[in-house]
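Report on the structure given below.
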């Protein structure tokens, strides 16, 4: 088998695996309501496979450096969510999603201009979430209508994440860890939920899923920091495993705390 054919087949396999993760997570999100859906949506179902495949091709130093670039991008994602949530209450899919995407691209473009340290990345996240979480709180409690899936939903989601993985894997060798880390954090799950759910169930219910995701996304940011520290100290495999464990533990804690409050009420 030629080297080019081997690369193409391996790339297609990676794309298929990543797409399966995202499709499964998004289906669970639709069926479980905004609270559980938000917790699932903030698991590393998109960035996780991208980073695993980067770790296969590159050393731990590359992964650690990429995580430093990914960390402030997490702040861009929460501002993207806030933009969509506010606009989706009264505006169309085109206005709401277009503005949200523009905000993410603008912030990510600024982020790529700087070399980030762990302290700076954490500080940006704390400031961003300190601003956005209180602003999103009023949009969380919306009843989730029944979602009727259409034939193109799953292929569309699979195509989105597969394209992301293809871009990350194919370009990582020549764009370097900084750009790879930014691309890997593009919010595929959020994007697919906005595009698919908004025209079907309306802006406010779709916005409720993103509004409920704020605390989960904060934990995701901590997991990115864990990737950097873990990859630097113990290697890529341990760093990524610790990050996954951080995300799961954080979201389970959020779920348990929310359940406890509902019982008390």
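In our numbering, the protein residues as written are -5 to 259. We put the CB at the ideal spot given by N, CA and C, even for glycine. Remember, predicted model here, so these are calculated numbers, not experimental data.
Is DSSP giving residue i helix, strand or coil here?
{"i": "residue 38", "result": "coil"}
{"i": "residue 229", "result": "coil"}
{"i": "residue 63", "result": "helix"}
{"i": "residue 181", "result": "coil"}
{"i": "residue 192", "result": "helix"}
{"i": "residue 53", "result": "coil"}
{"i": "residue 153", "result": "helix"}
{"i": "residue 217", "result": "helix"}
{"i": "residue 259", "result": "coil"}
{"i": "residue 267", "result": "In this structure the chain extends from -5 to 259, so residue 267 is not present and cannot be described."}
{"i": "residue 137", "result": "coil"}
{"i": "residue 235", "result": "helix"}
{"i": "residue 207", "result": "coil"}
Count the other C-beta atoms from every protein chain shown that fall within 10 angstroms of the C-beta of residue i, then say buried if there are 16 or more, exposed otherwise.
{"i": "residue -4", "result": "Because the pLDDT of residue -4 is 46, which lies under 50, any placement of that residue in the model is unreliable, and the number read from its coordinates should be weighed accordingly. With fewer than 16 Cβ atoms within 10 Å of its Cβ, residue -4 is classed as exposed."}
{"i": "residue 81", "result": "buried"}
{"i": "residue 172", "result": "buried"}
{"i": "residue 107", "result": "exposed"}
{"i": "residue 132", "result": "exposed"}
{"i": "residue 57", "result": "buried"}
{"i": "residue 90", "result": "buried"}
Can you round the beta-carbon distance between residue i and residue j to whole angstroms, since I take them to be within the 8 Å contact cut?
{"i": "residue 36", "j": "residue 245", "result": "7 Å"}
{"i": "residue 182", "j": "residue 45", "result": "The Cβ separation is near 13 Å, so there is no contact."}
{"i": "residue 123", "j": "residue 212", "result": "5 Å"}
{"i": "residue 206", "j": "residue 134", "result": "5 Å"}
{"i": "residue 188", "j": "residue 96", "result": "Going by Cβ atoms, the distance from residue 188 to residue 96 rounds to 13 Å, so no, they are not a contact pair."}
{"i": "residue 32", "j": "residue 67", "result": "Wrong, their Cβ atoms sit about 19 Å apart, outside the cutoff."}
{"i": "residue 126", "j": "residue 219", "result": "That pair is no contact at about 18 Å."}
{"i": "residue 191", "j": "residue 129", "result": "Their Cβ separation, rounded to whole angstroms, is 21 Å, which puts residue 191 and residue 129 out of contact at 8 Å."}
By how many angstroms is the C-alpha of residue j removed from the C-alpha of residue i?
{"i": "residue 104", "j": "residue 62", "result": "14 Å"}
{"i": "residue 186", "j": "residue 88", "result": "14 Å"}
{"i": "residue 39", "j": "residue 231", "result": "17 Å"}
{"i": "residue 30", "j": "residue 53", "result": "35 Å"}
{"i": "residue 259", "j": "residue 203", "result": "22 Å"}
{"i": "residue 112", "j": "residue 49", "result": "20 Å"}
{"i": "residue 51", "j": "residue 177", "result": "16 Å"}
{"i": "residue 253", "j": "residue 229", "result": "36 Å"}
{"i": "residue 200", "j": "residue 236", "result": "31 Å"}
{"i": "residue 137", "j": "residue 250", "result": "20 Å"}
{"i": "residue 84", "j": "residue 174", "result": "35 Å"}
**Prompt:** In chain order, which beta strand (DSSP E) runs of at least 3 residues are fully inside the stretch 69 to 131?
**Reply:** none
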